[in-house]
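As numbered in our numbering, residues 15 to 133 make up the sequence shown, in order.
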Amino acid sequence: MRKHILVVDDQPGIRFLLDEVFTNEGYQVTTANTGKEALDHIHTSTFDLIMLDYKLPIMDGIQVLHQMESEKIILPAILMSGLAEEAMQEAESCTLVKQVMAKPFNIMEVCDIVNEIVK
15 MRKHILVVDD QPGIRFLLDE VFTNEGYQVT TANTGKEALD HIHTSTFDLI MLDYKLPIMD
75 GIQVLHQMES EKIILPAILM SGLAEEAMQE AESCTLVKQV MAKPFNIMEV CDIVNEIVK
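Here it is, written out as structure tokens:
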């Protein structure tokens with residue numbers, strides 16, 4: 015059974031890049047461009063990891079994580095952000111966050127972190 019990753023980012027280029035990389039790594043990948051869309055996917059599918067952008071329109075990454083926690087959804091998360099320090103401070107309140115990654119990121123580093131969390 016392939017591991018399933020949910021990639022949530024409002025930038026199409028990042029969604030495409032991560033989808034491509036993780037599909038090539040042997041993962042099943044689903045993408046979403048808003049926090050609401052991410053929650054819809056989480057309610058209808060099972061995932062092994064969520065890679066979530068910190069700044070999203072309408073509902074940001076931290077709000078998505080708090081919603082998941084309030085619904086008792088246990089899903090390890092990687093928070094991605096161009097504002098890594100700010101994201102790290104906010105992520106401290108979220109038990110689901112396993113890693114905060116600064117954008118732009120090194121794709122090999124991303125693969126290592128994902129493989130470590132998911133395997």
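Ideal Cβ placement from N, Cα and C applies to all residues, glycine included.
For residue i, three-class secondary structure by DSSP
i      : result
His-17 : Before going further, note that residue 17 is Lys rather than His in the sequence given. Note: Lys-17 maps to coil in three-state DSSP.
Thr-58 : helix
Thr-37 : helix
Strand pairing of residue i, partner residues [DSSP]
i       : result
Ser-95  : Ala-116
Asp-23  : In the DSSP output, where bridge partners are listed per residue, Asp-23 has none listed.
Leu-66  : Val-22, Leu-93
Val-111 : Ala-91
Neighbour-count burial assignment, residue i, 16 or more Cβ in a 10 Å radius
i       : result
Ser-95  : buried
Met-115 : buried
Arg-29  : buried
Gly-49  : buried
Met-122 : exposed
Gly-75  : buried
Thr-60  : exposed
Supposed contact pair residue j and residue i - C-beta distance, whole angstroms, cut 8 Å
i      : j       : result
Ala-98 : Val-111 : With a Cβ gap of about 12 Å, Ala-98 and Val-111 do not count as contacting.
His-57 : Thr-44  : Not really, about 13 Å apart at Cβ, beyond 8 Å.
Ile-64 : Val-22  : 7 Å
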